Each structure stands twice: as C-alpha cells, then as structure tokens.
Amino acid sequence: LSYFQDGLQQQVGNDTTRFQEFIIRDETADYRNVDVLPYMLADRPTVFIMATYSDESFVYSMLRKLKIASLNFSEVVVYGFPQWMTFDRIDFDLYEDLQVHVSSAFFLDDQDPDISAFKQKFFERFGTPPNEEAYTGYESTLYFGRLLKRYGSQFMRFLPMEDQANLYTTFRIREVHSEPTVLGDRPKATLPIERYENKFVQILRFQNYYFQPAE
C-alpha cells in the first residue's frame, strides 16, 4: 500500500493527498463479511485499485461484490495487475462492467499491419509464430543498435532524447539517480546515475471483451 501512496504523493506534489485504504481481513470462503458500500461514491466514478495479482478467487469475489454494490451508485472503475489478463476462471462480464484496467509492458495490436508483417516474416524464416521474446529481442536490438551507430559507445547519455514507439511498447528511457546519503539541497540531476529505466507504462482497458489501450 505504501507504494501506491508514495506514487500518488509524487504525482500530485504534496503529502496530504492519500488514497483511502481498505484492508480486508475476512477469511470466509466468499468474503461474505466484506462491505464495500461505505466506499462507493454517488456523484462521481469510484475507482478501486486492487493490490493483488495472484489470487483469482479473491479477485472474482471482490469484483462480484463491487458489481452488486455499483447498481445503486455511479460507475465503478477497477485497476488491477497484468496477471489478471491470464486468469481463466474469471467472469469476463465483470471485467467489462467494472471497466477493469491493467498495466502492461507488452501489448500487440493484431490489427496493426506492421505486426502482421512481422508475424509473417518470422514464420517464413523460423517455421513458428513469434513469441514475446521474439518481439522484445528484435525491437531492443534494433533500438540500441541504431543508437550505437549514431552516438558510439557513449550512446547511453542520449537515451532520454530518443523516445521511440515500436511493435509492442514505447521506449521512454530515463535516468534513475541514486538517493542522497545525506540531507541537502543538491539537485537530483547532479546525483550519480544508478540505472536507466523505461518509464513508459501501457494502460489497457477491458472493453468489448478484450484488453486494448485505454483512451
């Protein structure tokens, strides 16, 4: 929970805005003692961030409760985890009705002609459809190879200036600086670079019964 609270404070720029936390301690099989009604809003959408990724039974039970509770309130939007896309026992009507959103580092638009062309060429070359590693390997090699050719061995210095969309994601690589070991007013940009990180986050919404980029 602290991860989400810290992220919100960084986003809004103050220490007073916080998510309302709802910690569930009910251990019954169907979570019958859980009451979500006090958290529902009547005048605007209610957004729930469910901080669980592996317990499909729990996710199903909570979504079902939210669906029932939402009938007398305004719309409900639920944010979950990428693992939810692989659940196979979930009721996908709940995903649709509750506008389930997840983040994902990998997404393919099957309607994109470039992706169709890549699939065809890969199959002709290797006799099998491309998997996720094929896309990431191809795009990473292409991206960093171009930077190496353009900037030489110091190409890392130019990563923040080279955003690039590709078949499955967008490279938006930024410097991550070390946290200061002592208090002071030293600008963060002057601190040592700890690593480089792709800051792009793809948000997908379950709409028309499949996950697609959220508008």
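Under my numbering, think of the first position of the sequence shown as 561, with each following residue one higher. Even glycine gets a Cβ: it sits at the ideal position worked out from N, Cα and C. Here the structure is a predicted model, which means the values were calculated and not measured.
Pairwise C-alpha distance: P605 and K627: 13 Å
Beta-carbon proximity list for Y613, same chain, < 6 Å, skipping 5 on both sides: F641 and Q643
Those runs of the beta strand (DSSP E) which lie wholly inside the stretch 623 to 678 and span at least 3 residues: 636 to 639 and 661 to 664
Where A725 sits in the DSSP three-state scheme: strand
Member of Y756, D653, D723 and D595 whose CA lies at the smallest distance from the CA of S738: Y756
Same chain, Cβ closer than 8 Å to H661, five either side skipped, listed in chain order: V637, V638, Y639, G640, I763, L764, R765, F766 and A774
Check whether L654 and L623 have beta carbons under 8 Å apart: yes
Cβ separation of N726 and E692, assumed to be a contact under 8 Å, to the nearest whole Å: Rounded, the Cβ-Cβ distance is 13 Å, inconsistent with contact.
The ligand MG heavy atom lying under 7 Å from the CB of Y639: This structure simply doesn't include the ligand MG, nor any ligand for that matter.
N- and C-terminal bounds of the alpha helix (DSSP H) containing D597: At residue 597 the sequence reads Leu, which differs from the Asp that was named. Counting along the chain, L597 falls outside any alpha helix (DSSP H), and DSSP gives it neither H nor E.
Nonlocal neighbours in the same chain, by C-beta distance under 6 Å from F718, ignoring five residues either side: Y711
V619, DSSP secondary structure in three states: helix
L519 versus F666 - alpha carbon distance: Outside the modelled stretch of the chain, which goes from 561 to 775, sits residue 519, for which no answer is possible.
Straight-line gap, I753 to F715 (C-alpha atoms, nearest Å): 15 Å
The beta strand (DSSP E) enclosing T606, as first and last residue numbers: T606 to I609
Backbone CA spacing between N768 and Y703 [nearest angstrom]: 33 Å
P689 to V761 span [Cα, whole Å]: 26 Å
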